[in-house]
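Structure record follows, encoded as structure tokens.
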Amino acid sequence: MNLRRPAALALTCAAALLALAGCGSKGASTAASAPVPTTTAVTTPAAVTADEHANHTTLKVAVGATVSVQLHGTYWSAATSSATDVLAPAGAPTTAPSPSCRPGGGCGTVTTSFAARTAGTAHLTASRTSCGEAVNCSPDQRSYDVTIEVTG
7 MNLRRPAALA LTCAAALLAL AGCGSKGAST AASAPVPTTT AVTTPAAVTA DEHANHTTLK
67 VAVGATVSVQ LHGTYWSAAT SSATDVLAPA GAPTTAPSPS CRPGGGCGTV TTSFAARTAG
127 TAHLTASRTS CGEAVNCSPD QRSYDVTIEV TG
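Our numbering applies: residue 7 is where the sequence shown begins, and numbers increase by one.
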């Protein structure tokens with residue numbers, strides 16, 4: 007009987023379980039994992055919602071689309087547009103705290119919506135300095151910037 011084979015199988019299974027356990031983590035970021043700019047084409051929907059996963063990416067939308075930025079954590083500022091003639095604010099920003107959050111925990115979302123008015127490019131940006139009660143954000147967690155290319 008070969009005792010090495012069951013041990014190797016057990017190690018392989020343990021490694022797979024550890025890898026799967028990390029798949030659900032959200033929002034964790036380190037300086038070593040700097041975001042890589044990417045472009046995502048969005049052509050069909052008239053409404054697009056971008057969250058932290060869209061940070062440092064480019065989204066393409068058509069004139070008439072609604073673009074919402076929904077950031078998880080109430081420590082985020084409301085997103086602003088660098089070109090309001092291209093992406094104009096559509097209503098007031100909303101903050102929705104999570105009902106199960108302890109005071110000062112920052113649980114919830116900050117959502118800001120914009121209307122794509124004319125063809126062009128705009129940056130939607132937001133910032134924060136706190137990543138939790140009395141927890142300062144690292145430099146790579148302080149800013150949010152998504153580029154929106156509006157096509158005619």
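A virtual CB, placed ideally from N, CA and C, is assigned to each residue, including glycine.
By a C-beta neighbour count over all protein chains shown, 10 Å radius and 16 as the cutoff for buried, is residue i buried or exposed?
i	result
Gly138	exposed
Val141	exposed
Roughly how many angstroms lie between the CA atoms of residue i and residue j, to the nearest whole one?
i	j	result
Thr64	Asp151	9 Å
Tyr81	Thr115	9 Å
Leu77	Ile154	16 Å
Gly158	Ala125	5 Å
Ser104	Thr117	13 Å
Ala68	Arg108	40 Å
Pro145	Thr135	9 Å
Ala98	Arg148	22 Å
Ala128	Thr86	10 Å
Identify which residue in the options has its Cα closest to the Cα of residue i.
i	options	result
Thr94	Val116, Thr117, Thr153 and Val73	According to the sequence as given, residue 94 is Ala; it is not Thr. Nearest option by C-alpha distance: Val73.
Ala71	Gly79, Thr131, Val54 and Asn61	Val54
Ser119	Thr90, Thr127 and Thr135	Thr90
Pro96	Ala84, Arg148 and Gly79	The sequence given here places Ala at residue 96; Pro does not occur at that position. Nearest of Ala84, Arg148 and Gly79 to Ala96, Cα basis: Ala84.
Gly161	Gly79, Ser133, Glu58 and His62	With the chain covering only 7 through 158, there is no way to say anything about residue 161.
Val92	Ala56, Arg123 and Thr101	Arg123
Are the C-beta atoms of residue i and some chain B residue less than 8 Å apart?
i	result
Thr100	The chain labelled as chain B is not found in the depicted structure, where only one protein chain is given.
Entirely enclosed alpha helix (DSSP H) segments - the stretch 49-125, minimum 4 residues: You should have found no qualifying run.
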